[in-house]
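S.K.:
Residue numbers (my numbering): 4 to 240.
Structure follows, in structure tokens:
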């Protein structure tokens, strides 16, 4: 992950409502100066289309003359590689172990030489495919939620995003998309699990003061992207 003017790599969701803010404050009141880089996180259940929307937003921001870096969790660190093995089912871990490993990887994600903090300091917008909201929803539904929340939200080395974009989609639709990929399913990619995780995401957003926009991701990529731009645009002016 390099802090460069062009994007690095690109690692997406059913409410039948238009996009809405799900936070304690109106996102439009959180206006950022054009010169201030933004840290935006994409969340959602597996198969919601985060990769596509992250790419489209990156392209949009670059057309606005902004420098953009895209990133993802788990990272490519040693801890991130352990997590990928566990997610693929090749190195099983307990939910508590997964929660701790994700937190360790997230701290590295923030403080590494090419991590979130340094890229923001260098004037690059950061777009991340997943962040601590995933830990709260996935591991927080399996072990003590407050323990997972404390490790992440209260950790001084883990930065809070300017905006979390949650791509909302029905679990059945998500599984259909996952099936079309032709890839081996990860351990969480089951309808019952995805339904539980989606519900947990909603409870998570109720407990936090973070800026969260819930986007109906059931439309075409272009329709979903238009909703996202409408939410992000006030932060650019």
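Glycine included, every Cβ here is placed at the ideal spot set by N, Cα and C.
Report the residue from 218, 98, 79 and 208 whose alpha carbon sits nearest the alpha carbon of residue 111.
M.R.: The sequence position of residue 111 within the chain shown is 108, counting from 1. With distances taken between Cα atoms, residue 111 lies closest to 79.
S.K.: Using beta-carbon positions only, say whether residue 44 and residue 131 come within less than 7 Å of one another.
M.R.: Within the chain shown, numbered from 1, the residue matching residue 44 stands at position 41. Within the chain shown, numbered from 1, the residue matching residue 131 stands at position 128. Yes, the pair counts as a contact, with Cβ atoms nearer than the cut-off.
S.K.: Considering only residues of the same chain and omitting the five flanking positions on each side of residue 144, which have a CB-CB separation below 8 Å?
M.R.: One-based indexing of the chain shown puts residue 144 at position 141. Taken in chain order, the residues that qualify are 199, 200 and 203.
S.K.: Using the three-state DSSP reduction, which class does residue 116 fall into: helix, strand or coil?
M.R.: The residue you call residue 116 lines up with position 113 of the chain shown. Here residue 116 sits in coil by DSSP.
S.K.: Which runs of the alpha helix (DSSP H) spanning at least 4 residues fall entirely within the segment 78-147, listed in chain order?
M.R.: Whole alpha helix (DSSP H) segments, 4+ residues: 81-90, 98-114, 119-124 and 135-141.
S.K.: Short check: CB of residue 231 to CB of residue 160, under 7 Å?
M.R.: Looking up residue 231 in the chain shown gives position 228. Looking up residue 160 in the chain shown gives position 157. No.
S.K.: From the DSSP secondary-structure annotation, give me the bridge partner or partners of residue 46.
M.R.: Position 43 of the chain shown, counting from 1, holds the residue named residue 46. 169.
S.K.: On the DSSP letters alone, give me the boundaries of the alpha helix (DSSP H) that residue 210 sits inside.
M.R.: On the chain shown, residue 210 is found 207 positions in, with the first residue counted as 1. Element bounds for residue 210: 194-210.
S.K.: Count the other CB atoms within 10 Å of the CB of residue 179; is the residue buried (16 or more) or exposed (fewer)?
M.R.: Here residue 179 is taken as the residue at index 176 of the chain shown, counted from 1. Answer is exposed; the Cβ neighbour count stays below 16.
S.K.: My understanding is that residue 104 touches residue 129, with C-beta atoms under 8 Å, so please give their C-beta distance in whole angstroms.
M.R.: As a first step, residue 104 must be located in the chain shown, where it is residue number 101. As a first step, residue 129 must be located in the chain shown, where it is residue number 126. About 22 Å separates the two Cβ atoms, so there is no contact after all.
S.K.: Rank 150, 236 and 219 by C-alpha distance to the C-alpha of residue 98 and give the top, closest one.
M.R.: Within the chain shown, residue 98 is the residue found at index 95, counting from 1. The shortest Cα separation from residue 98 among 150, 236 and 219 belongs to 150.
S.K.: Mind checking whether residue 167 and residue 227 have CB atoms under 7 Å apart?
M.R.: As a position in the chain shown, residue 167 is number 164, starting the count at 1. As a position in the chain shown, residue 227 is number 224, starting the count at 1. No.
S.K.: Would you please verify whether the beta carbon of residue 140 is less than 7 Å from any beta carbon of chain D?
M.R.: The question asks about chain D, but that chain is absent: this structure has only one protein chain.
S.K.: State yes or no: is the C-beta of residue 141 within less than 7 Å of the C-beta of residue 46?
M.R.: For the purposes of this step, residue 141 is identified with residue 138 of the chain shown, where counting begins at 1. For the purposes of this step, residue 46 is identified with residue 43 of the chain shown, where counting begins at 1. No, the Cβ-Cβ distance between residue 141 and residue 46 is not below 7 Å.
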